[in-house]
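Chains B and F, in that order, give the protein sequences. Numbering that gives the first Met the number 0 puts the first sequence at residues 0 to 349. Numbering that gives the first Met the number 0 puts the second sequence at residues 0 to 349. Just so it is clear, CB atoms sit at the ideal spot from N, CA and C, and this is done for glycine as well. For clarity, every value in this text was computed on a predicted model and none was experimentally measured.
There are 2 protein chains.
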Amino acid sequence: MSEDDRPRQSVGIAEVAALAGVSTATVSRALSNPEKLRAPTLARVADAVRRTGYTPNVAARSLRGRRTMVVLVVVPDIGNPFFADVLQGIDDELSRHGYGLLIGNLARVRAKEAEILEIVQAGQVDGVILLNGRVPEDRGRTLTELGIPLVAICEAIPGAAFPQVEVRNREAAQAAVQHLVSLGHRRIAYLAGPDGNILERDRRAGFCAGLAHAGIAVSAASFLAGDFSFRAGTDAAAAFLAMADRPTALFAANDEMAIGFLKAVRDAGLRIPGDVSIVGFDGIAFADYVDPVLTTFRQPRHALGVTGAGLLVKVMNGTPVAPEEACQRLPVELLVRASSGPPRGGRQPP
Amino acid sequence: MSEDDRPRQSVGIAEVAALAGVSTATVSRALSNPEKLRAPTLARVADAVRRTGYTPNVAARSLRGRRTMVVLVVVPDIGNPFFADVLQGIDDELSRHGYGLLIGNLARVRAKEAEILEIVQAGQVDGVILLNGRVPEDRGRTLTELGIPLVAICEAIPGAAFPQVEVRNREAAQAAVQHLVSLGHRRIAYLAGPDGNILERDRRAGFCAGLAHAGIAVSAASFLAGDFSFRAGTDAAAAFLAMADRPTALFAANDEMAIGFLKAVRDAGLRIPGDVSIVGFDGIAFADYVDPVLTTFRQPRHALGVTGAGLLVKVMNGTPVAPEEACQRLPVELLVRASSGPPRGGRQPP
DNA sequence: CTGAAAGCGCTTACAG
DNA sequence: CTGAAAGCGCTTACAG
């Protein structure tokens, strides 16, 4: 049957083979398994490839080779700069192994999980890295059922059977409380992340553990609702300012909220850290440029990406993953800056 | 010849065809050109597709159909949240037309342009959107030679023969100067972007035009070097503070630098806007949370993405693009906030 | 170490 | 409106 007449790919493997005086099989091997060829043959092919400017067609290679050399990264919100460094780490490690990277942005829309399933079902990728804290699903079907190599990073998925890499959220949150207590604070508020989020759960648990450890009744602490956004921080500030017996310190479950809160209470005339100390979480770039500079925890973002990608490569290659590797928890670093300090002695000025 | 024994795709088009009692051609048509089928046939196929959970293999479809339904977006730096909204706009428009999106992050590394060329040469995408202000090239070969549909947005590429969408950088920068002049400023500094960058060139030109328009000698203005980073802002602040006859206002070529500058001069004890007014460019989210809130220009980021993607779809479809569409320049909006105000009358305090 | 040939899973021009 | 069959451009098990 005749074919359509759209322009075809400029150079095909056949042309390279003809120019080099070898079969297409040999050209293919020269590109994928050069060690299987004799040096002179390899050289002739390499020369022909260079002269023709040949690049193998990706679709054909994927179809025939049954692997795409592409990994899907599921991100809850590409707009959050936090993920940029993680993605960079993933990309660095993946490209070392010859893999490309497809970004699936959920944009915080649950319905987009169906698209993730489709991409995988369509055979578009060899593995998936989840940064979104849950296994995507669509009408009862879940990603795990599809039998594709999987890894979760940043936001852990409790009980999952695949490798995971996260940071010590609980320990860090506890350390935040310890830091504030050591400065003399006893009335400490917690500005929460969205309900059900694993980071929120772990950081809240660490916060409570920190209080308990310091002999402070959790019932005496204030819990402010939030959702990780700047806006949640300013909203929480309004609630905070209206409180009768205001805490002298606040630990926010992330930096955006800490910054929103900081801005709003400062605008209201409170001094930081005199009237209220603030501690955030994440160590986003912006935290260095607020006034006062935010005390926070620096996450090993790049390392999270590299580690997670490395694990996925192992799974995709069928390399066994040691149990201690399969559930890693990286440390975070407390950066003590100007936003936290001793509470003003005695009462607050009118 | 026998094949390898890796697990194959769960459901193929043949199974669906068998279940529906039609040929594979009909299944294919049902999915791509449903209007060519009779309703009952379509219904039978649709039912079979649903029951089998069939999703067409992307590699096979691309190989045979000679189109991938994927667009490559070349981003200079994925870590810059500015691009997140633009990408969202692109994605919104592209997905309306059935296209997926592959992100090529240059990470400000020139050598990565070679990867862009490879992706295109490998037939991996049907079109390219450039956000990086130049046509990627590698050892003499440029992307334009590859004959792939192309569009540039955000950062224009002068003299290019493909459609472009940018904002009125020159006019906006001029308006920034007008704003400052109207407040009473006469000594105004410009904090520049990286050399050779088109945004830098246009904004600088607008700055100079604004001065000229106000009857201020350009030679009397101060030009501080920068590169669009927070750090460049703090570095420029050091230079600014050391100046003998300090300007009373500064226009930064982007918000990051404006914020870095703001933070550093504030730490040095200057009051804003009393001692120095500051105007940025872009309207990043963070600009709302610095103290004082930054006067800046809000870019129509989402619209930039939507417009650019829409143009690319036209080019890919062979739809003619009207000349006035082919070179669009969207307006930006000046947000007057607390970082700009009248200069303090008389001398500055010691 | 190298080649001939099958076949990955689809789409589409042709025929009916 | 639907089907039979070619073929997209590669890779790989088999044979030599």
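Counting only beta-carbon separations shorter than 9 Å, does B/Tyr288 have a partner in chain F? Position 289 of the first sequence holds residue 288 of chain B. Interface residue, yes.
Compare the C-alpha of F/Gly268 against each of F/Ala257, F/Val108 and F/Leu240 and name the closest. Position 269 of the second sequence, counted from the start, is the residue given in the question as residue 268 of chain F. For the residues F/Ala257, F/Val108 and F/Leu240, the minimum Cα distance to F/Gly268 belongs to F/Leu240.
Please compile the residues from chain F whose C-beta is within a distance smaller than 7 Å of the C-beta of B/Gly122. Taking the first residue of the first sequence as position 1, residue 122 of chain B is located at position 123. Within chain F, the residues near B/Gly122 are Gln8, Asn56, Val57 and Ala58.
Bounding residues of the alpha helix (DSSP H) (the contiguous stretch that carries B/Ala29): Sequence index remark: in the first sequence, residue 29 of chain B carries index 30 (1-based). From DSSP, the alpha helix (DSSP H) with B/Ala29 extends over Thr23 to Ser31.
Does DSSP put B/Asp46 in a helix, a strand or coil? Taking the first residue of the first sequence as 1, we reach residue 46 of chain B at position 47. Residue state, collapsed to three classes: helix.
Run down chain F in chain order and give the residues with a C-beta less than 8 Å from the C-beta of B/Phe229. In the first sequence, residue 229 of chain B corresponds to position 230, counting from 1. Within 8 Å Cβ-Cβ: Ala284, Asp287 and Tyr288.
Using C-beta distances below 6 Å, list every residue in its chain close to F/Ala263, excluding the 5 sequence neighbours before and after it, in chain order. On the second sequence, residue 263 of chain F is found 264 positions in, with the first residue counted as 1. Closer than 6 Å at the Cβ level, and outside the excluded window around F/Ala263, lie Thr233 and Ala236.
Could you check what DSSP says for B/Phe81 in three-state terms: helix, strand or coil? Counted from its first residue, the first sequence places residue 81 of chain B at position 82. In the three-state scheme derived from DSSP, where H, G and I count as helix and E and B as strand, B/Phe81 is classed as helix.
B/Gln327 in three-state terms, based on DSSP: In the first sequence, the residue the question calls residue 327 of chain B occupies position 328. Of the three classes helix, strand and coil, the one that applies to B/Gln327 here is strand, per DSSP.
What would DSSP say about B/Tyr107, mapped onto helix, strand or coil? Here residue 107 of chain B is taken as the residue at index 108 of the first sequence, counted from 1. It should be pointed out that residue 107 of chain B corresponds to Arg in this sequence rather than to Tyr. In the structure shown, B/Arg107 sits in coil (DSSP, three-state: anything other than H, G, I, E or B).
Under 8 Å: do the segment 273–291 of chain B and the segment 244–260 of chain B share three or more Cβ pairs, one atom per stretch? yes
Give the secondary structure of B/Gln163 by DSSP, where H, G and I count as helix, E and B as strand, and everything else as coil. Sequence index remark: in the first sequence, residue 163 of chain B carries index 164 (1-based). B/Gln163: strand per DSSP, three-state reduction.
Can at least three beta-carbon pairs, one atom from the segment 320–331 of chain B and one from the segment 312–329 of chain F, be found at a separation below 8 Å? No, the segment 320–331 of chain B does not touch the segment 312–329 of chain F.
F/Asn316: contacting residues in chain B (beta-carbon distance under 7 Å): The residue labelled residue 316 of chain F in the question sits at position 317 within the second sequence. In chain order: nothing, as chain B lies at least about 13 Å away.
Could you name the residues that DSSP lists as bridge partners for F/Glu136? By 1-based counting over the second sequence, the position of residue 136 of chain F is 137. Partner(s): F/Thr141.
Quick check: what's the CA-CA separation for B/Leu93 versus F/Ala174? For the purposes of this step, residue 93 of chain B is identified with residue 94 of the first sequence, where counting begins at 1. For the purposes of this step, residue 174 of chain F is identified with residue 175 of the second sequence, where counting begins at 1. In a straight line, the C-alpha of B/Leu93 is about 46 Å away from that of F/Ala174.
By Cβ distance, which residues of its chain are closer than 7 Å to F/Asp3, with the 5 residues on each side in sequence left out? Taking the first residue of the second sequence as 1, we reach residue 3 of chain F at position 4. Summary for F/Asp3: the model assigns pLDDT 35, below 50, so the residue's position carries little reliability, and this model does not support an answer.
Buried or exposed: where does B/Arg37 fall if 16 or more other Cβ atoms within 10 Å of its Cβ makes it buried? Numbered from its first residue, the first sequence carries residue 37 of chain B at position 38. Exposed, by the Cβ-count rule.
So within the segment 280–330 of chain F, which uninterrupted beta strand (DSSP E) runs reach at least 3 residues, ignoring any that extend past its ends? 295–297 and 326–329
Beta-carbon within less than 7 Å of F/Ala204's beta-carbon, same chain only, minus the 5 sequence neighbours each way: which residues are those? In the second sequence, the residue the question calls residue 204 of chain F occupies position 205. Arg169, listed in sequence order.
Would you say B/Ala46 lies against chain F (beta-carbon separation less than 9 Å)? Here residue 46 of chain B corresponds to residue number 47 of the first sequence, with the count starting at 1. This sequence places Asp at residue 46 of chain B; Ala is not what is there. Answer no: the Cβ-Cβ gap between B/Asp46 and chain F never drops below 9 Å.
Quick check on F/Thr141: buried or exposed, where buried means 16 or more other Cβ atoms within 10 Å of its Cβ? Here residue 141 of chain F is taken as the residue at index 142 of the second sequence, counted from 1. Exposed, since its Cβ has fewer than 16 Cβ neighbours within 10 Å.
Measuring CA to CA, which of F/Leu261, F/Asp281 and F/Thr318 is closest to F/Ala337? To locate residue 337 of chain F, count along the second sequence from 1; it is residue 338. If we check each option's Cα against that of F/Ala337, F/Leu261 comes out closest.
Which residues, in order along the segment 259–276 of chain F, keep a beta-carbon less than 7 Å from a beta-carbon of chain B? Gly259, Lys262 and Arg265
State buried or exposed for F/Asn196, treating a residue as buried only when at least 16 other CB atoms are found within 10 Å of its CB. The residue labelled residue 196 of chain F in the question sits at position 197 within the second sequence. Label assigned to F/Asn196: buried.
Other residues of its chain near B/Arg343: CB distance less than 6 Å, five sequence neighbours each side excluded: Translated into positions along the first sequence, residue 343 of chain B becomes position 344. Once the five neighbours on either side are set aside, the close Cβ partners of B/Arg343 are Gly273.
With 9 Å set as the bound, which would you pick, yes or no: does the beta-carbon of F/Pro33 sit closer than that to a beta-carbon of chain B? Position 34 of the second sequence, counted from the start, is the residue given in the question as residue 33 of chain F. Not one beta carbon of chain B lies nearer than 9 Å to the beta carbon of F/Pro33.
If we ignore side chains and look at the alpha-carbon of each, how far apart do F/Gly52 and B/Pro80 end up? Mapped onto the second sequence, residue 52 of chain F falls at position 53. Mapped onto the first sequence, residue 80 of chain B falls at position 81. Each residue's Cα considered, the two are about 36 Å apart.
Quick one: is F/Thr67 near chain B, going by C-beta distance under 9 Å? As a position in the second sequence, residue 67 of chain F is number 68, starting the count at 1. Chain B contact via Cβ: present.
Exposed or buried, F/Arg7, counting other C-beta atoms within 10 Å across all chains shown (16 or more means buried)? Working through the second sequence from its first residue, we reach residue 7 of chain F at position 8. Because the pLDDT of F/Arg7 is 36, which lies under 50, any placement of that residue in the model is unreliable, and the question is left without a value.
Per-residue contacts from B/Glu117 into chain F (C-beta, under 8 Å): Position 118 of the first sequence, counted from the first residue, corresponds to residue 117 of chain B. The contacting residues are Thr54.
Report the three-state DSSP secondary structure of B/Glu255 (helix, strand or coil). As a working mapping, residue 255 of chain B is identified with position 256 in the first sequence. Note: B/Glu255 maps to helix in three-state DSSP.
Are there 16 or more other CB atoms within 10 angstroms of the CB of B/Asp125, so buried, or fewer, so exposed? Here residue 125 of chain B refers to the residue found at position 126 of the first sequence. Buried, because 16 or more other Cβ atoms sit within 10 Å of the Cβ of B/Asp125.
Going by DSSP, name the residue or residues bridged to B/Ser221. One-based indexing of the first sequence puts residue 221 of chain B at position 222. Bridge partners of B/Ser221: B/Ala188.
Does F/Leu86 come within less than 9 Å of chain B when only Cβ atoms are used? Taking the first residue of the second sequence as position 1, residue 86 of chain F is located at position 87. It does; some Cβ of chain B falls within 9 Å.
Just the C-alpha distance for F/Asp76 and F/Cys153, rounded to the nearest angstrom, thanks. For the purposes of this step, residue 76 of chain F is taken as residue 77 along the second sequence, with counting starting at 1. For the purposes of this step, residue 153 of chain F is taken as residue 154 along the second sequence, with counting starting at 1. Distance between the alpha carbons of F/Asp76 and F/Cys153: 13 Å.
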